[in-house]
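Which chain is which? The protein sequence lines are A and B, in order.
Residue numbers for the first sequence follow numbering that gives the first Met the number 0, beginning at 0 and rising by one.
Residue numbers for the second sequence follow numbering that gives the first Met the number 0, beginning at 0 and rising by one.
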Amino acid sequence: MLPELHLPWLELSIAIPLLGAALCAIRFSDTNKQRVAVCASAATFLCTVCEWYDFSGLNTFAAHDHWDIIRMLLHKDLFVIDELNAPLLPMTALMFLLTIVSTQRTKAARFSYRWTLLLMAVTLAILSCIDPWALIGLLSLAIVPVWMELRRRGRSTRVYLLHMSIYLMLLIGGWSLLDLNASKSEANLLPIAMLTAAALLRAGVVPLQAWIIDLFENAGLGTAFLFMAPMTGAYAVMRLVLPVAPVWAMQSIAVLSLITAVHAAGMALIQTDARRLLAYLFLSNSSLILAGVELVTPIGLTGGLCVWLSIGLSMCGLALTIRSVEARIGRIDLQQFSGLGRHMPLLSSFFLVTGLASIGFPGTIGFISTELLIEGAVSVYPIVGLMVVVVAALNGIAVVKAYLHIFAGSEHPSSVSMTCRLSERFAILAIVALIIGGGLMPQPIVKSRYHAATALLHVRDGTATDTPVGAHGR
Amino acid sequence: MNAMNVVNIMEALGYSVVLAPALLLAAIGVPMLIGIRLSERRVSSLTNFGVAIGLLSGLGVLITMLLTGERSVPISVGHMFEIPQEHFHFSLKLLFDRLSIPFVLLTFVLCGVIGAFARAYLHRDTGYRRFFLLLSLFQLGMILSSVAGTIETLFLGWELVGLSSALLVAFFQDREGPVINGLKIWVVYRIADAAFLLAALLLHHLTGGGDFNAMTGQGPWPFGTTEIDSGHVLLVGLLLLIAAAGKSALVPFSGWLPRAMEGPTPSSAVFYGALSVHLGAFLLLRISPLLDASLTLRIAVVLLGLITAVFATLTAHVQTDVKSALAFASLTQVSLIVMEIGFGLRYFALCHIIGHACMRTLQLLRAPSILRDNHARENDLGSRLPEKPSWITSMTPEWMRTWLYTWALERGGLDTMLMNWFVRPFLAFFYWSDRMERRWTAFLSSDDADTAADDVTKAEV
């Protein structure tokens, strides 16, 4: 029997955005919809912070809601908070809150608050879910808001749908076969291969990365980022694949993730469009998370989980900055020097800080994460450590190149003010504070992630003493 | 004063040396980040105050060390983070010894001079605050690098110096030239940083931590002896040599040094004439016990210094602008310093660094006005100032002079070689990959996109 939180924080954090989405479906004005969305996402964020705080006070590896309605109805734990997802939930809620807060009123007509809140509810549900079939169902549901956005914008949905269909087929097929062959370990080769392939496809490993780039190019930047940044694919790997996968499956994910990280870092160098650059930077960094996770050593796994948080925060800040710049001048061409620094001094500072955090620059939260990841990698596979260093170097060049191309150059002619609005400033400053605060005082993050890493490794070794961090201790 | 009080005083002064530039950076940076505009006077006063506190603290450490006869004062700041169960920690440790103290004092003195000079030089420039922010970032990086007691702390400072240097080269952002040069410098620095990070990780594994004492022996600098075997010493040493070559513009990375002169004169003086360019040599001095353990490594250091010295002195002779000529003259001296380190002349190299840094700062700060003075003197004389032909000119045949002149004018073709042999083939693969991916995406989506676009048009109608 799992310990209980003091209030149903998990269910509240899923129900509030759902309620907000329902309210936004009513024919309100854009301004009122934005107010509803801001209130709902802020309340959700508070719930997730409270659930993390509540969970920390319990001193346990996992806990579920007080007055758990789903447990009462289904007689099993569906939504659980544990060492793995405890910090991921507030981080994800924060990403949604800041994206909604920083959306300009002029863009309100193109940015669907209803679908964003729905995506928020589904994403938080995914990150709280430990039941394999419910998780697969929620992962399928998360595809819908993005698909609707692509359709609403009149963009091709074929690349996205094709990849997501294959992903779901592999996921459903793999888990069905695994359920059927639960007692026969020798028959698990195919289902594990299918689950591994699903994980690789969702993570966008080379050469299956085209859909991520296509998504960033064609969907709204906010939506594309919110779909990718919580890294629900990596979460699915932790819940579904890690507890059952043999060494070869984990190693193949690690090797391919590493190749993807290097490839994406190289591709980021040559991009001439800021969105594509952001997509490749994100892909490169998120691949490092998977590579770290598959190292299956306490330090490597701790590094991977720390990178998860640092990349989530830094890429969120970077994406919000690029989104704010795009809101003023449209798509950003990196072939020329745009000279926006004079008009947007704050945004240029934010871009540099968040970009540097994403490459693990000293003084930012990314530094300790990358350091741990490399340290963990070097002790197991020295070549992995070498590759991580190469990736950090290449991404560093890409970030500074983009910074100089966007903000340096002869002054951009403009008759209107392009300064940072209060809401944007608040959103990005909050991220910057977390990035620098985490960089200067990293011990709580490292400690928490180390606990999560050891719990995951216990589940994988079958020596878990407490219930779930992986999928029902299969 | 009892021993306990002395230790406490040393610690307080040691912390103050690092905290002064750190707080200065926060005092200038945080208001900029939240959109508060400090006045020029306020920024300049803060800089002066920060430098003065740091310099006095550094002098305090030096005086206390002289009075107590201590040759090495390690101050453990603690673990930045640790995982006790895995015996893993990331420690911050400061080390005050005969190598770090001169560098600390030199950094504060030169940054103070440059701050005072830039106050008038950049008055009413739109980038005034940005310049002082980057100067404080650079100062913090230099101080951290100088007093680093662990290789991780040194890496921290090393990175800050690299970033501030590249951004100051790109200071005049209205023109594309400085920006492109700043980016090129950043690329070289990233390569150097990657080599440094790998060496740091390797040392961490070989010694079980990044402490310099564990790596270079317990004896005070420069008398430590390493216990790492010579094979590993060579590998680590070569990685650190690449890092030092990148930072100090040694061959084949020399191309960035004249490019760095695109920045404002005060920053050129402090970065590329005085401090930043010597950081590679400082690194070699800090790890000098490693050099003692491998003859091959020492030969590599001497050879690299020799090749760079020949290259730099020839190239310096054909430069047509004063800052580039000074840049290559600096490089000649730096490569001589590297050779001295390779020959084991540690104190001589340290004195050379200090003397060279001060002289070159003066030359670079004087460079804009000396041109004007020369023009005035030529006007007074009514002719060009007399020039003495160099000894190379008189000793070499005509054909060789022409060849050397062309070679030096093209800066040994180093940049072209790096571009053609490494950068272009590397990028060509990714350009090909990008084309393939775009074709694949277009193949998958083109029809559907047209249909979707038609749907939107119909809906709008």
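In this text, a Cβ means the ideal position worked out from N, Cα and C, and glycines have one as well.
This one's a predicted model, so the numbers in the text were calculated from it and none came from an experiment.
- In summary, TRP51(A) is buried, with 16 or more beta-carbon neighbours lying within 10 Å of its beta-carbon over all protein chains present.
- In this structure, the straight-line span from the alpha carbon of VAL333(B) to that of ALA280(B) is close to 7 Å.
- Counting the other CB atoms within 10 Å of its CB gives THR401(B) a total below 16, which places it among the exposed residues.
- For the set GLU325(A), THR105(A), PHE349(A), THR369(A), the Cα lying nearest the Cα of ALA193(B) is the one of THR369(A).
- In summary, the residues of the region 394 to 428 of chain A whose CB is separated from some CB of chain B by less than 8 Å are GLY395, ILE396, VAL399, LYS400, LEU403, PHE406, ALA407, GLY408, SER409, GLU410, CYS419, ARG424, LEU428, in the order they occur in the chain.
- Any Cβ of chain A closer than 8 Å to the Cβ of GLY49(B) would place that residue at the interface, and such an atom is absent.
- Just measuring C-alpha positions, the residue of THR259(A), LEU268(A), VAL100(A) sitting nearest THR30(A) is VAL100(A).
- Residue pairing for CYS128(A): DSSP places it in a beta bridge opposite PHE78(A).
- Residue pairing for PRO412(A): DSSP places it in no beta bridge.
- Around the Cβ of ASP178(A), a 10 Å sphere holds fewer than 16 other Cβ atoms; the residue is exposed.
- Burial is judged here by how many other beta carbons sit within 10 angstroms of a residue's own beta carbon; ASN180(B) has at least 16 and is buried.
- Using a Cβ-Cβ cut-off of 9 Å, VAL431(A) is close to LEU32 of chain B, given in chain order.
- HIS404(A) sits in a helix when the DSSP states are folded into three classes.
- In this chain, the beta strand (DSSP E) harbouring LYS92(B) covers 87 to 96.
- Assignment of beta-bridge partners to GLU3(A) by DSSP yields HIS63(A).
- Residue environment analysis places ARG423(B) among the exposed positions, since fewer than 16 neighbouring C-beta atoms fall within 10 angstroms of its C-beta.
- Residues of the region 338 to 351 of chain A with a C-beta less than 9 Å from any C-beta of chain B: GLY338, GLY340, ARG341, PRO344, LEU345, SER348, PHE349, LEU351, listed in chain order.
- Among the residues of the region 226 to 239 of chain B, none has a Cβ less than 8 Å away from any Cβ of chain A.
- Using a Cβ-Cβ cut-off of 8 Å, PRO144(A) does not count as an interface residue toward chain B, since no Cβ of chain B sits closer than that to its own.
- Taking C-beta atoms as the reference points, LEU194(A) and VAL254(A) fail to come closer than 8 Å.
- Here the alpha carbon of LEU87(A) sits roughly 21 Å from the alpha carbon of LEU220(A).
- In the DSSP assignment, VAL72(B) falls within the unbroken beta strand (DSSP E) covering 71 to 82.
- Under a criterion of Cβ atoms nearer than 9 Å, the residues of chain B adjacent to GLN442(A) are, in order, HIS78, MET79, PHE80, GLU81.
- Checking the DSSP bridge columns, you'll see ASP210(B) partnered with THR149(B).
- Taking a contact as a CB-CB distance under 8 Å, the pair ALA273(B) and LEU109(B) counts as one, their CB atoms being some 5 Å apart.
- Beta-bridge annotation (DSSP): ASP272(A) is paired with ASP332(A).
- Distance between ILE353(B) and LEU240(B), taken at the CA atoms: about 21 Å.
- Going by C-alpha positions, LEU351(A) is about 16 Å away from ALA267(A).
- Excluding five sequence positions before and after HIS5(A), the CB atoms of its chain that fall closer than 8 Å to its own CB belong to ASP53, HIS65, given in chain order.
- Between the C-alpha atoms of SER145(B) and ASP96(B) there is a straight-line separation of about 10 Å.
- In the structure shown, the three-state DSSP call for ILE142(B) is helix.
- Against chain A, the CB of ARG258(B) has no partner CB under 8 Å away; the residue lies outside that interface.
- Chain B places no beta carbon closer than 8 Å to that of MET147(A), leaving this residue out of the contacts.
- Annotation: SER389(B) to ILE190(B) spans about 37 Å, alpha carbon to alpha carbon.
- Burial is judged here by how many other beta carbons sit within 10 angstroms of a residue's own beta carbon; LEU312(A) has at least 16 and is buried.
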